[in-house]
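*Asks:* Dropping the structure in here first, questions after.
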Amino acid sequence: DSGVTQTPKHLITATGQRVTLRCSPRSGDLSVYWYQQSLDQGLQFLIQYYNGEERAKGNILERFSAQQFPDLHSELNLSSLELGDSALYFCASSVHQGNTEAFFGQGTRLTVV
Amino acid sequence: AQSVTQLDSQVPVFEEAPVELRCNYSSSVSVYLFWYVQYPNQGLQLLLKYLSGSTLVKGINGFEAEFNKSQTSFHLRKPSVHISDTAEYFCAMDNTDKLIFGTGTRLQVFP
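Read top to bottom, the protein sequences are chains A and B. For the first sequence, the numbering used here begins at 196 and goes up steadily by one. For the second sequence, the numbering used here begins at 484 and goes up steadily by one.
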């Protein structure tokens, strides 16, 4: 158990819908990262937050957004869902802004039908 | 641009045999390198990391990796694999604000 909790574990939704994925980082970790894992794109970095502020953006679509709350949990919002958004979404956390000790959650598997 | 290349998409091996999973990286600056393992329906677990110092890095579950700056490689090795090592292995590089992952190597251990 990495200490990073992601909910829900599985999500099935229809095209055009909006979903919210939740991540609780390890106790004491200030950084949260979101990654998308798909068969065609592999593991891709989406976005990073540090202590509530956005610090880095990767290949995140405009239909996607995220935030980190004062209690340091984070949510990833995916809207106007398309079939191609089906993937495993991982959250990772670390104490600092760097990745030298990032711990991953078990992921949320999103299926868009 | 920085990138990570895992040269083998699949590596089949018999139990108790040695294994090497290859990883090459491309970067113009000093790097931090990692190997992660993903078991079926699980998240990513850190196996080992190279930050600085000794080029031979030991990790969990008997794995080790060697950082070779001249060959820009960070190959993962295990002298004797178990059935339970069957999983997907990812090499990754720290790019300050994110990890850049390779495409993964599927290690399949047969009895």
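Backbone N, C-alpha and C define an ideal beta-carbon position, used for all residues, glycine too.
Going along chain A, which residues have a C-beta under 9 Å from B:Leu582?
*Replies:* Those within 9 Å of B:Leu582 in chain A are Tyr228, Tyr230, Leu238, Phe240, Ala287, Asn294 and Ala297.
*Asks:* Who are the neighbours of A:Ser243 on chain B, taking C-beta pairs under 7 Å?
*Replies:* One detail in the question is off: residue 243 of chain A reads as Gln in this sequence, not Ser. Asp580 and Lys581, listed in chain order.
*Asks:* Anything in chain B within Cβ reach of A:Gln263, meaning under 9 Å, just list it in chain order.
*Replies:* Residues of chain B passing the Cβ test: none, with the nearest at roughly 14 Å.
*Asks:* What does DSSP give as the partner residue(s) for A:Asn272 in the beta ladder?
*Replies:* Partner(s): A:Thr215 and A:Ser260.
*Asks:* Is there a Cβ from chain A that is less than 7 Å from the Cβ of B:Gly526?
*Replies:* Yes, its Cβ sits closer than 7 Å to a Cβ of chain A.
*Asks:* Does A:Gly302 have its Cβ less than 7 Å from a Cβ in chain B?
*Replies:* Cβ-Cβ to chain B under 7 Å: yes for A:Gly302.
*Asks:* So which of A:Ile207, A:Leu278 and A:Gln262 has the shortest CA-CA distance to A:Asp235?
*Replies:* Closest option to A:Asp235, Cα to Cα, is A:Leu278.
*Asks:* Rounded to whole angstroms, what's the CA-CA distance from B:Ser511 to B:Val592? Just pull it up for me.
*Replies:* B:Ser511 and B:Val592: Cα-Cα distance of roughly 36 Å.
*Asks:* Can you name the residues of chain A whose CB is closer than 8 Å to the CB of B:Phe607?
*Replies:* The requested residue 607 of chain B is not part of the displayed model; chain B covers only 484 to 594.
*Asks:* Tell me where the beta strand (DSSP E) around A:Asp224 begins and ends.
*Replies:* Note, A:Asp224: premise wrong, no beta strand (DSSP E); not H, not E.
*Asks:* Please confirm if B:Thr538 has its CB atom under 7 Å from at least one CB of chain A.
*Replies:* With 7 Å as the cut-off, B:Thr538 does not count as an interface residue toward chain A.
*Asks:* Between the beta-carbon of A:Val199 and the beta-carbon of A:Leu206, is there less than 7 Å?
*Replies:* For A:Val199 and A:Leu206, no; Cβs fall outside 7 Å.
*Asks:* Kindly list, in the order they appear in chain A, the residues whose Cβ is closer than 7 Å to that of B:Thr586.
*Replies:* Ordered by position in chain A, the residues that pass the 7 Å Cβ test against B:Thr586 are Gly237.
*Asks:* Would you say B:Cys574 and B:Val496 are within 7 Å of each other, going by their C-beta atoms?
*Replies:* In this structure, B:Val496 does not lie closer than 7 Å to B:Cys574 by Cβ.
*Asks:* For A:Gln232, which residues of its own chain have a beta-carbon under 7 Å away from its beta-carbon, when the five flanking residues on both sides are left out?
*Replies:* Excluding positions up to five away in sequence, the list reads Leu238, Ala282, Leu283 and Phe285.
*Asks:* By Cβ distance below 6 Å, which residues in the same chain neighbour A:Thr147 in space, the five residues on each side in sequence not counted?
*Replies:* There is no way to answer for residue 147 of chain A, as the model of chain A reaches only from 196 to 308.
*Asks:* Quick test of your reading: B:Arg560 and B:Glu503, contact by CB under 8 Å. State the CB separation rounded to the nearest angstrom.
*Replies:* Right, the Cβ-Cβ distance comes to about 5 Å (below 8 Å), so this counts as a contact.
*Asks:* Tell me where the beta strand (DSSP E) around B:Arg505 begins and ends.
*Replies:* Neither: B:Arg505 is in no beta strand (DSSP E) and is coded neither H nor E.
*Asks:* Taking Cβ-Cβ distances shorter than 8 Å, what residues in chain B pair up with A:Ser197?
*Replies:* What A:Ser197 touches in chain B: Gly526 and Gln528.
*Asks:* Count the other C-beta atoms from every protein chain shown that fall within 10 angstroms of the C-beta of A:Phe264, then say buried if there are 16 or more, exposed otherwise.
*Replies:* With fewer than 16 other Cβ atoms within 10 Å, it is exposed.
*Asks:* Can you tell me which of the three DSSP states B:Ser486 falls into?
*Replies:* In the structure shown, B:Ser486 sits in a strand (DSSP, three-state: E or B).
*Asks:* Measuring only the C-alpha atoms, how far is B:Ile543 from A:Gly211?
*Replies:* C-alpha separation (whole angstroms): 43 Å.
*Asks:* Comparing alpha-carbon positions, which option in B:Ser567, B:Asp580 and B:Phe557 lies nearest B:Asn507?
*Replies:* The shortest C-alpha separation from B:Asn507 is found at B:Phe557.
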